[in-house]
Amino acid sequence: MPSKAIFLGLFLLTEANAVILEGTPDNYRRLLNSLSAGDTLALQPGVYRAGLPIHRLVGEQGRPIVISGVAGEPRPVFIARTGHNTVSIVDSAYVQLKNLELDGRGLTVDGVKAEGHSRWAHHIVIENLLIR
Numbered sequence: 296m297p298s299k300a301i302f303l304g305l306f307l308l309t310e311a312n313a314v315i316l317e318g319t320p321d322n323y324r325r326l327l328n329s330l331s332a333g334d335t336l337a338l339q340p341g342v343y344r345a346g347l348p349i350h351r352l353v354g355e356q357g358r359p360i361v362i363s364g365v366a367g368e369p370r371p372v373f374i375a376r377t378g379h380n381t382v383s384i385v386d387s388a389y390v391q392l393k394n395l396e397l398d399g400r401g402l403t404v405d406g407v408k409a410e411g412h413s414r415w416a417h418h419i420v421i422e423n424l425l426i427r
């Protein structure tokens with residue numbers, strides 16, 4: 296039965312085939328591409344150095360895509376990078392960002408930005424973000 300324990304640690308099935316994925320600094324970028332309506336990406340505490348691209352992520356009304364730090368744990372920290380906005384939003388809707396920390400390190404980049412080349416971005420919820 297150890298294989299079941301590993302499987303459940305990776306993701307849990309929830310209502311209507313939505314999943315909860317466990318993200319780490321090593322795997323979160325790959326997991327972002329697999330998110331669909333109703334899914335949650337639960338980010339573990341740690342330092343995330345490759346930004347948070349919210350690109351072409353589309354949830355639905357009542358079934359948003361949620362990207363969040365884990366309740367009761369230290370917030371995941373996204374470190375700013377030269378030439379890149381820390382949270383970049385492009386052609387996305389019904390996405391919720393919760394319980395994250397963005398560390399700008401004094402760089403001239405935006406913490407959260409709907410990019411100018413995006414055709415649209417709507418119904419984006421930003422909740423309990425700490426932006427330094």
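Take the sequence shown: its position 66, counting from 1, is numbered 361 in the numbering used here, and each next residue is one higher.
All residues carry an ideal CB built from backbone N, CA and C; glycine is no exception.
None of these values were measured; they are calculated from a predicted model.
With respect to the C-alpha of G341, the residue from E355, I374 and R358 having the closest C-alpha is I374. Under the DSSP assignment, L402 falls outside any alpha helix (DSSP H); it carries neither an H nor an E label. Taking a contact as a CB-CB distance under 8 Å, the pair E396 and V372 counts as one, their CB atoms being some 5 Å apart.
Comparing alpha carbon positions, the residue from R376, P369 and K408 closest to V385 is K408.
For R324, the secondary structure class from DSSP, reduced to helix, strand or coil, is helix.
The C-beta separation of S363 from A332 comes to about 16 Å, leaving the pair out of contact by the 8 Å criterion.
Counting of Cβ neighbours within 10 angstroms places P348 among the buried residues, the total reaching 16 or more. Non-local C-beta neighbours of Q391 in its own chain, meaning closer than 6 Å and more than five positions away in sequence, comprise P359, V361 and V420, ordered along the chain. When C-alpha distances from H412 are compared across D398, R427, L425 and S387, the shortest belongs to S387. Boundaries of the beta strand (DSSP E) around H417: A416 to E422. In the DSSP secondary-structure assignment, L330 is not bridged to any residue.
Within the same chain, and ignoring the five residues on either side of Y343 in sequence, the residues whose Cβ sits closer than 8 Å to its Cβ are P320, Y323, P371, V372, F373 and I374.
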